[in-house]
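Using mature numbering (1 follows the signal peptide of the UniProt record, and there is no 0), the first residue of the sequence shown is number 1, and each one after it goes up by one.
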Amino acid sequence: QIDYFSSISGLENLLRTEEYLLQSFREYVRASKHQLQTLESELHRIEMEYAQAARNTENYLTNPVNVYRLMKRLTTDWTIYEERVQSDEAANTFLRQMVEFRETLSFPSGEDFKASAAALARLQETYHLDTAQIAGGFLNGVKYGTSMTWQDCFVLGKQLFHLEEYNHTKLWLKESMQRLSREPYYMDPHTLEYVEDVAKSLLNLGDLETALKLSDDVLSLDPTRATASYVRNTILSPVGERKPTLTTSPSYYHQTEEFETYKKVCRGEITASPTQLRPLRCRYESKNHPYRLLAPFKVEEHSLDPLVLTLHDFIDDTKIETIKYLATPYMQRSTVRDVVTLSKATDFRISKNAWLAYQEHTYMQDMLRDLQDLTGLDVTRCEKLQVANYGLGGHYEPHWDFYLDTERLPEGLGNRIATAIFYLSEVEQGGATAFPNLNFAIKPKKGNVLFWYNLHRSLEGDYRTRHAACPVLKGSKWIGNVWINAITQPFTRPCLLHKDDAISKPYSTIV
Ligand SMILES: O=C(O)CCC(=O)C(=O)O
Ligand SMILES: [Fe+2]
């Protein structure tokens, strides 16, 4: 069962579906127009005939030919029109095609639709986005798309209600009413029911002021509406009879300080302090490799302890496109380790990924060779390359890359001593790699690599390296995760005999 919400890769299938639907619908409109035109000329003909008869009824009815034709019309012709309207060829073709399309084309599932609503709520939450702005097609002040209609906002609000995202429900239902009030037919009889529905929802969500205003609006147009009266009476009756207001209760982790810090880092509200930044440098590094003397590594330090670096322009576009191309057919929903099921999909990691063996292409072997040249680490035994793609609000909440459960290390590889994230695309907005303990987030830049050590020298996990992929706000984020494992490193990064993990212990208490 493939899903569509967890990456951008694959979504083009849905657009192709829409192309087919549009074609079919266009054909339906064209054919029905043609049908209607034929009917119209028939109608016109009878109208003329009738007008003539009505002008001088006696003269008309005394003509035997006219009488015959009147009889014919009323016995056969009208039946033919009736049948034609009923058998509506154009509509039938369209409906038949739709049945076929539903079997042969890709459609998103209800889960996809739900997850895309949840993604919008997550983005709004993480980046403090204004509801009216999003509805107007703006993301962080940049106009990307068309506006949402009041119905769009209403449906989204309802979905968020079912997801128990009550704060967001309120925002979207109110936005839908705002948008409705700007429509020329505000409050026509058909929409009254929607407005009542919103009034009732807002009553349950505790926004009494708006609920009362909406029900008053409805009642001023139609004093007999039952729901609006109920809302109004409930609000105006003495307190105490009212049901308790619905409130959202985020999961335990989502209420922690770490999660708050993570979101601030994603928004760029927290950044490394001057003291943190002072000792850091950018430099060229050749490691005395003859080739690298000419094309040195461009190294930017983000933190010295733990060591976190950006390697600028580390991989070129040709290699990047090849690697994405190789991965695309194998992309599947990303999972996380789970004690019981071994691996499972979760809400806190939303992306698709594919594992590629480095042997599959020299470009991938080049990635490892370059990393080895720079870091001196032995890369002969690594986990496979993990290529990932994040779409609509895709993210990976704070986590460690090293295995906590050292009983179950990948066989013959050992724990993940270092991570190198190859950024395989730009991301227009959001999607940074955030380190909530270190107070910085690195914005993806195509061709750059983010490198850090996950383990202390004693091979214990360095808890300060907790990191995350901030939700992608606009764009399609591609990365390649290289994990360099510890088993082959006794000479390249000798482990210490004494423990040196005390410094990161205080950061281990989060989970
Ligand atoms: O996408 C990112 O920026 C981080 C990804 C990550 O941490 C992971 O896949 O383990
Ligand atoms: Fe990670």
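Glycine included, C-beta positions come from ideal geometry on N, C-alpha and C. This one's a predicted model, so the numbers in the text were calculated from it and none came from an experiment.
For the pair the segment 445-464 and the segment 325-335, tell me if three or more CB-CB distances fall below 8 Å. no
Practice problem: Would you tell me roughly how many angstroms separate the C-alpha atoms of valine 85 and lysine 243, rounded to the nearest one? | Solution: Your numbering for residue 85 matches position 85 in the sequence shown. Your numbering for residue 243 matches position 243 in the sequence shown. Cα to Cα, valine 85 sits roughly 51 Å from lysine 243.
By Cβ distance below 7 Å, which residues in the same chain neighbour histidine 312 in space, the five residues on each side in sequence not counted? For the purposes of this step, residue 312 is taken as the residue at position 312 of the sequence shown. Hits under 7 Å: Lys298, Glu300 and Asn448.
### Residue interval of the beta strand (DSSP E) (run including aspartate 338)
On the sequence shown, residue 338 is found 338 positions in, with the first residue counted as 1. First-last of the beta strand (DSSP E) with aspartate 338: 336-338.
(Q) For ligand 1, I want to know if asparagine 255 counts as a neighbour, meaning its beta carbon is within less than 8 Å of at least one of the ligand's heavy atoms. (A) Counting from 1 along the sequence shown, the entry for residue 255 is found at position 255. The residue asked about is misnamed: residue 255 is glutamine in this sequence, not asparagine. No, the beta carbon of glutamine 255 sits no closer than 8 Å to any heavy atom of ligand 1.
Kindly list the residues whose CB is nearer than 6 Å to the CB of asparagine 288, restricted to its own chain and excluding five residues on each side of it in sequence; keep chain order.
-> What you label residue 288 is simply residue 288 of the sequence shown in a count that begins at 1. For asparagine 288, there are no CB contacts under 6 Å within the same chain when 5 residues up- and downstream are skipped.
Original post:
Are the beta-carbon atoms of leucine 385 and isoleucine 323 separated by less than 9 Å?
Top reply: Counting from 1 along the sequence shown, the entry for residue 385 is found at position 385. Counting from 1 along the sequence shown, the entry for residue 323 is found at position 323. For the 9 Å CB-CB criterion, leucine 385 and isoleucine 323 form a contact.
First and last residue of the uninterrupted alpha helix (DSSP H) at glutamate 285: Within the sequence shown, residue 285 is the residue found at index 285, counting from 1. Careful: glutamate 285 lies outside any alpha helix (DSSP H), inside the beta strand (DSSP E) at 282-285.
Option in Leu70, His168, Val29 and Pro296 with minimal Cα separation from cysteine 282:
Residue numbering aside, residue 282 sits at position 282 when the sequence shown is read from its first letter. Taking only the C-alpha atoms, the option nearest cysteine 282 is Pro296.
**Asked** Going along the chain, which unbroken runs of the beta strand (DSSP E) with 3 or more residues stay wholly within the segment 311-379?
**Response** Correct list: 336-338, 342-344 and 352-356.
Apply the 10 Å Cβ neighbour rule to alanine 388 and answer buried if 16 or more other Cβ atoms are within range, or exposed otherwise. As a first step, residue 388 is located in the sequence shown; it is residue number 388 there, counting from the start. Counting Cβ neighbours within 10 Å, alanine 388 comes out buried, since at least 16 surround it.
**OP:** Tell whether a beta-carbon distance below 9 Å holds between asparagine 415 and phenylalanine 435.
**Re:** Indexing the sequence shown from 1 puts residue 415 at position 415. Indexing the sequence shown from 1 puts residue 435 at position 435. It is not a contact, given that the beta carbons lie outside the stated cut-off.
How is the alpha helix (DSSP H) around tryptophan 400 delimited, first residue to last? Within the sequence shown, numbered from 1, the residue matching residue 400 stands at position 400. No alpha helix (DSSP H) holds tryptophan 400; DSSP gives it neither H nor E.
With a floor of 4 residues, list each alpha helix (DSSP H) that falls wholly inside the segment 440-492, ordered by position along the chain. none
Per-residue DSSP class, three states only, for histidine 24: Looking up residue 24 in the sequence shown gives position 24. What sits at residue 24 in the sequence shown is serine, not histidine. DSSP places serine 24 in helix when its eight states are reduced to three.
Inset, instruction - Return yes when the C-beta of aspartate 500 is under 8 Å from any heavy atom of ligand 2, and no when it is not. - result: The residue labelled residue 500 in the question sits at position 500 within the sequence shown. No - ligand 2 has no heavy atom lying nearer than 8 Å to the Cβ of aspartate 500.
So the alpha helix (DSSP H) alanine 91 belongs to, where does it begin and stop? Taking the first residue of the sequence shown as position 1, residue 91 is located at position 91. Boundaries of the alpha helix (DSSP H) harbouring alanine 91: 89-104, taken from the DSSP string.
* Do threonine 375 and threonine 248 have their CB atoms nearer than 9 Å? -> To locate residue 375, count along the sequence shown from 1; it is residue 375. To locate residue 248, count along the sequence shown from 1; it is residue 248. No; because the gap between Cβ atoms is not below 9 Å, this pair is not in contact.
Is asparagine 481 near ligand 2, judged by its Cβ being under 8 Å from some heavy atom? Along the sequence shown, one-based indexing puts residue 481 at 481. Result yes, Cβ under 8 Å from ligand 2.
For isoleucine 421, collect the residues of the same chain with a Cβ closer than 7 Å to its Cβ; drop the 5 residues on either side in sequence, then sort them by chain order.
-> Within the sequence shown, numbered from 1, the residue matching residue 421 stands at position 421. Same-chain partners within the cutoff: Thr433, Val449, Leu450, Ile479 and Asn481.
So, are the CB atoms of leucine 203 and threonine 234 less than 9 Å apart?
Counted from its first residue, the sequence shown places residue 203 at position 203. Counted from its first residue, the sequence shown places residue 234 at position 234. Yes, the Cβ-Cβ distance between leucine 203 and threonine 234 is below 9 Å.
Problem - With 16 other Cβ atoms within 10 Å as the buried cut-off, status of histidine 44 - result: The sequence position of residue 44 within the sequence shown is 44, counting from 1. Counting the other Cβ atoms within 10 Å of the Cβ of histidine 44 gives fewer than 16, which makes it exposed.
In chain order, what are the residue ranges of uninterrupted alpha helix (DSSP H) at least 4 long that sit wholly in the segment 157-207? 166-181 and 192-205
#### Entry: Nearest-angstrom beta carbon gap, valine 472 and glycine 394 [assumed within contact, 8 Å]
Here residue 394 is taken as the residue at index 394 of the sequence shown, counted from 1. Here residue 472 is taken as the residue at index 472 of the sequence shown, counted from 1. Correct: roughly 5 Å between the Cβ atoms.
By DSSP, does isoleucine 8 sit in helix, in strand, or in coil? The count along the sequence shown starts at 1 and reaches residue 8 at position 8. Taken through DSSP and simplified to helix, strand or coil, isoleucine 8 comes out as coil.
request  = Would you mind reading off the limits of the beta strand (DSSP E) that contains phenylalanine 297?
outcome  = For the purposes of this step, residue 297 is taken as the residue at position 297 of the sequence shown. From DSSP, the beta strand (DSSP E) with phenylalanine 297 extends over 297-304.
Exercise. Where does the unbroken beta strand (DSSP E) through arginine 416 begin, and where does it stop?
Worked result: For the purposes of this step, residue 416 is identified with residue 416 of the sequence shown, where counting begins at 1. Residues 416-423.
- Give the DSSP-derived three-state secondary structure of asparagine 233 in the structure shown. As a position in the sequence shown, residue 233 is number 233, starting the count at 1. In the structure shown, asparagine 233 adopts helical secondary structure according to DSSP, grouped into three states.
Exercise for the section: For lysine 143, name the three-state secondary structure that DSSP assigns. Expected result: Within the sequence shown, residue 143 is the residue found at index 143, counting from 1. Looking at lysine 143 - three-state DSSP - the assignment turns out to be strand.
In whole angstroms, what is the alpha-carbon distance linking valine 99 and alanine 211?
Position 99 of the sequence shown, counted from the first residue, corresponds to residue 99. Position 211 of the sequence shown, counted from the first residue, corresponds to residue 211. About 41 Å.
Practice task
Indicate whether leucine 356 and leucine 326 have their beta-carbon atoms separated by less than 9 Å.
Solution key: To locate residue 356, count along the sequence shown from 1; it is residue 356. To locate residue 326, count along the sequence shown from 1; it is residue 326. The answer is yes: Cβ separation under 9 Å.
Classification of histidine 34 by the beta-carbon crowding that lies within 10 angstroms, buried from 16 upward: Here residue 34 refers to the residue found at position 34 of the sequence shown. The residue is exposed, with fewer than 16 neighbouring Cβ atoms inside 10 Å.
Give the DSSP-derived three-state secondary structure of residue 519 in the structure shown. What is shown of the chain runs 1 to 511, which leaves residue 519 out entirely.
Straight-line CA distance for tyrosine 144 to glutamate 12?
Residue mapping note: residue 144 aligns to position 144 of the sequence shown, counting from 1. Residue mapping note: residue 12 aligns to position 12 of the sequence shown, counting from 1. So the two alpha carbons sit approximately 18 Å from each other.
### Euclidean distance between Cα positions of serine 176 and glutamine 151
Position 176 of the sequence shown holds residue 176. Position 151 of the sequence shown holds residue 151. If I take the Cα positions, the gap works out to 7 Å.
Nearer than 8 Å: is that true of the beta carbon of tyrosine 390 relative to any heavy atom of ligand 2?
In the sequence shown, the residue the question calls residue 390 occupies position 390. Incorrect: tyrosine 390 has no Cβ contact closer than 8 Å to ligand 2.
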